[in-house]
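Taking it in order: structure first as structure tokens, then the write-up.
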Amino acid sequence: SNRSLCSSQPNLCFSRKDINREIQNCRDEQSERFDLSKSSVTILPNTIKDLTHVRELYLYSNRIQQLPPEIGNLVNLKVLALSENSLTTLPDTMDRLVQLKVLDLRHNRFNDIPEVIYRITSLTTLYLRFNRIKEVSDSIRNLVNLQMLSLRENRIRSLPITVGHLIQLLTLDVAHNHLEHLPNEIGNCAQLTTLDLTHNELVDLPELIGNLKNLSRLLIRYNRLSTIPSSLANCSKLDEFNIEGNNVSQLPEGLLSSLVHLNTISLARNNFNSFPLGGPTQFTSVHSINMECNTIDKIPFSIFSLAKYLSKLNMRENALTSLPLDIGSWTALVELNLATNQLTIIPEDIKSLQNLEVLIMSNNQLKRIPPSLGQLRKLRHLDLEENKLDSLPQEIGYLRELTRLIVASNQLTQLPRSIGSLSNLTHLNVGENNLTSLPEDVGQLEKLEQLYINDNPNLDVLPYELALCTNLQIMSIENCPLRSLPQEIVAGGPSLVIQFLKVQGPFNLN
Numbered sequence: 001s002n003r004s005l006c007s008s009q010p011n012l013c014f015s016r017k018d019i020n021r022e023i024q025n026c027r028d029e030q031s032e033r034f035d036l037s038k039s040s041v042t043i044l045p046n047t048i049k050d051l052t053h054v055r056e057l058y059l060y061s062n063r064i065q066q067l068p069p070e071i072g073n074l075v076n077l078k079v080l081a082l083s084e085n086s087l088t089t090l091p092d093t094m095d096r097l098v099q100l101k102v103l104d105l106r107h108n109r110f111n112d113i114p115e116v117i118y119r120i121t122s123l124t125t126l127y128l129r130f131n132r133i134k135e136v137s138d139s140i141r142n143l144v145n146l147q148m149l150s151l152r153e154n155r156i157r158s159l160p161i162t163v164g165h166l167i168q169l170l171t172l173d174v175a176h177n178h179l180e181h182l183p184n185e186i187g188n189c190a191q192l193t194t195l196d197l198t199h200n201e202l203v204d205l206p207e208l209i210g211n212l213k214n215l216s217r218l219l220i221r222y223n224r225l226s227t228i229p230s231s232l233a234n235c236s237k238l239d240e241f242n243i244e245g246n247n248v249s250q251l252p253e254g255l256l257s258s259l260v261h262l263n264t265i266s267l268a269r270n271n272f273n274s275f276p277l278g279g280p281t282q283f284t285s286v287h288s289i290n291m292e293c294n295t296i297d298k299i300p301f302s303i304f305s306l307a308k309y310l311s312k313l314n315m316r317e318n319a320l321t322s323l324p325l326d327i328g329s330w331t332a333l334v335e336l337n338l339a340t341n342q343l344t345i346i347p348e349d350i351k352s353l354q355n356l357e358v359l360i361m362s363n364n365q366l367k368r369i370p371p372s373l374g375q376l377r378k379l380r381h382l383d384l385e386e387n388k389l390d391s392l393p394q395e396i397g398y399l400r401e402l403t404r405l406i407v408a409s410n411q412l413t414q415l416p417r418s419i420g421s422l423s424n425l426t427h428l429n430v431g432e433n434n435l436t437s438l439p440e441d442v443g444q445l446e447k448l449e450q451l452y453i454n455d456n457p458n459l460d461v462l463p464y465e466l467a468l469c470t471n472l473q474i475m476s477i478e479n480c481p482l483r484s485l486p487q488e489i490v491a492g493g494p495s496l497v498i499q500f501l502k503v504q505g506p507f508n509l510n
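Residue 110 in UniProt numbering sits at position 110 of the sequence shown; the count goes up by one each step and never skips.
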């Protein structure tokens, strides 16, 4: 097929003459697709009127400030793509585009929605993302065929009640605006599957939101909600419940239990001081729970007794002082984040979490690590930074899958020799402790890439074996006296220190 430049090569800079030639070619070939995207077009010539046969017109990423009225001649147009231009208005003749289905006006300079758009009733998809639109007219009611409406990243303060006329709507995206309320009539858009309200200023949700029985995605993160309507229990197709970054302190009782298809729950960054009411049935199908940044002081006993799929639990930055006695039953867990709480003890029963790969307990009050931790044979990432540990158990050497071990900011005076058995370790941070030496066994850490031993004020010696860590890329030794080494070597930095250990050591490494 002889495809002319009609579907022009992008990134060419077209003169007016070139554009007219392109239009002529497209006309001669009766091509249904005309593409002048990324061509530095500033003005469309009125010869565009001759492209009455074209069904798809692509003009994105140009410098077009206005369209000629002749655009109204393209009565067969189904797709008109104008994103990334400098449009502020549209010609009234566009209401002759009676077959237009897709209109893409993202990233332009509209201060309002041009009235003519409300007369193009054939539209099924309208993209207006990233303009400067402040309001939506009542006339939106005319666009009864709309299935996708994106008004994301504008300056809209409210939606008209006539939005309820858009009964074909499947996706409504009004994220990143200034909405404080939604009209109750949104409940009439019964086909909606996705409603994105992220990053607005919503103080409430209408009770009729419960009418949206087909909703599978309701995105309400980062608003100002303090309550969630109980009617949301009717939206039983939701697979994610995410209210991160609101002011909610309690959920309607049983809400989460009603949402039987929930996969992910996030209540992060709210005002919860306890788990939501509703018992274990809330978490029956859930894989991931995030309650980060609340003031929850305990995980109720048996709350996860039915949560046989729960693989990720994030309780970071709460007020936990202890863990429930049945922690050993959370056997599906792969990631457990308990950082920044007030925990003093890791229960022995942690050994039962045989699928655990990530354990983060930094910034707590832990004084010891139970030897049973060594039974977590799948553990890859262990973070115990900022606790009160004065030793690590020998059993830590059994964690053969461990790639990252972070025990910085504790009170360690030495490391167990078994640390040399961590054959997959790439990152070891023991900075800000009271180490006086490192065991020579660190030389067995063949995969070690990053070693942080900074701020150990009594660390005077380094083992020659450190030079055997041939993959070491980063070594931090700031504020370590290393008095047993020549000070000019220490002053020369980590690579010189390693070089010195290599040359001085009993191994022939050259």
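Glycine included, every Cβ here is placed at the ideal spot set by N, Cα and C.
Nonlocal neighbours in the same chain, by C-beta distance under 8 Å from residue i, ignoring five residues either side
i: residue 273; result: 249, 294, 295, 296, 297, 319
i: residue 1; result: Low local confidence applies: a pLDDT of 37 at residue 1 is under 50, so the model's placement there is unreliable, with the coordinate-based value given in what follows. The answer is none, since no qualifying residue turns up.
i: residue 45; result: 16, 19, 20, 23, 68
i: residue 280; result: 302, 303, 304, 305, 306, 307
i: residue 6; result: Note that residue 6 scores a pLDDT of 43, beneath 50, so its modelled location is shaky; the value from the coordinates is reported in the next line. Closer than 8 Å at Cβ, skipping near neighbours: 22, 25, 26, 29, 31, 33, 34, 35.
i: residue 333; result: 310, 311, 312, 313, 353, 355, 356
i: residue 179; result: 156, 157, 158, 159, 197, 200, 201, 202
i: residue 401; result: 357, 377, 378, 379, 380, 424
Residues near residue i by beta carbon distance below 6 Å, same chain, minus five either side
i: residue 81; result: 58, 60, 104
i: residue 152; result: 129, 173, 175, 176
i: residue 221; result: 198, 242, 244, 245
i: residue 119; result: 95
i: residue 337; result: 314, 316, 360
i: residue 268; result: 244, 290, 292, 293
i: residue 139; result: 118
i: residue 409; result: 385, 386, 432
i: residue 111; result: 132
i: residue 323; result: 347
i: residue 278; result: 253, 254, 256, 257
i: residue 287; result: 263, 309, 311
i: residue 443; result: 465, 468
Whole-angstrom C-beta distance between residue j and residue i, which should lie under 8 Å
i: residue 202; j: residue 218; result: 12 Å between Cβ atoms; not a contact.
i: residue 515; j: residue 406; result: Past the edges of the chain, shown from 1 to 510, lies residue 515, and the structure says nothing about it.
i: residue 414; j: residue 437; result: 7 Å
i: residue 223; j: residue 242; result: About 11 Å separates the two Cβ atoms, so there is no contact after all.
i: residue 270; j: residue 285; result: That pair is no contact at about 22 Å.
i: residue 122; j: residue 145; result: 6 Å
i: residue 205; j: residue 238; result: Not really, about 13 Å apart at Cβ, beyond 8 Å.
i: residue 55; j: residue 33; result: 7 Å
i: residue 484; j: residue 431; result: Residue 484 to residue 431, Cβ: 19 Å. No contact.
i: residue 189; j: residue 167; result: 6 Å
i: residue 236; j: residue 258; result: 7 Å
i: residue 344; j: residue 366; result: 7 Å
i: residue 462; j: residue 482; result: 7 Å
CA-to-CA distance, residue j to residue i, given in whole angstroms
i: residue 132; j: residue 150; result: 13 Å
i: residue 78; j: residue 96; result: 12 Å
i: residue 183; j: residue 191; result: 17 Å
i: residue 309; j: residue 370; result: 26 Å
i: residue 465; j: residue 501; result: 8 Å
i: residue 266; j: residue 480; result: 42 Å
i: residue 126; j: residue 169; result: 11 Å
i: residue 503; j: residue 469; result: 14 Å
i: residue 404; j: residue 276; result: 34 Å
i: residue 282; j: residue 312; result: 15 Å
i: residue 134; j: residue 289; result: 36 Å
i: residue 292; j: residue 329; result: 22 Å
i: residue 447; j: residue 425; result: 6 Å
i: residue 374; j: residue 351; result: 8 Å
i: residue 106; j: residue 156; result: 15 Å
i: residue 148; j: residue 41; result: 28 Å
i: residue 76; j: residue 212; result: 35 Å
i: residue 516; j: residue 457; result: Here the chain covers residues 1 to 510 and nothing more, so residue 516 does not appear.
i: residue 253; j: residue 109; result: 46 Å
i: residue 364; j: residue 136; result: 50 Å
i: residue 376; j: residue 427; result: 18 Å
i: residue 418; j: residue 499; result: 25 Å
i: residue 229; j: residue 394; result: 53 Å
i: residue 234; j: residue 251; result: 15 Å
i: residue 342; j: residue 389; result: 14 Å
i: residue 261; j: residue 397; result: 41 Å
Same chain, Cβ closer than 7 Å to residue i, five either side skipped, listed in chain order
i: residue 506; result: 464
i: residue 71; result: 48, 91, 93, 94
i: residue 74; result: 51, 52, 54, 57, 97
3 or more residues per run - each beta strand (DSSP E) lying fully within the region 391 to 441: With a minimum length of 3 residues, the continuous beta strand (DSSP E) runs that stay inside the region 391 to 441 are 404 to 406, 427 to 429.
Segment contact, 8 Å Cβ cut-off, at least three pairs: the region 160 to 178 with the region 99 to 116: Too few Cβ pairs lie closer than 8 Å, so no.
3 or more residues per run - each beta strand (DSSP E) lying fully within the region 294 to 342: You should have 312 to 314, 335 to 337.
Given 8 Å, three or more beta-carbon pairs between the region 382 to 390 and the region 356 to 371: Because the criterion of three Cβ pairs below 8 Å is met, the region 382 to 390 and the region 356 to 371 touch.
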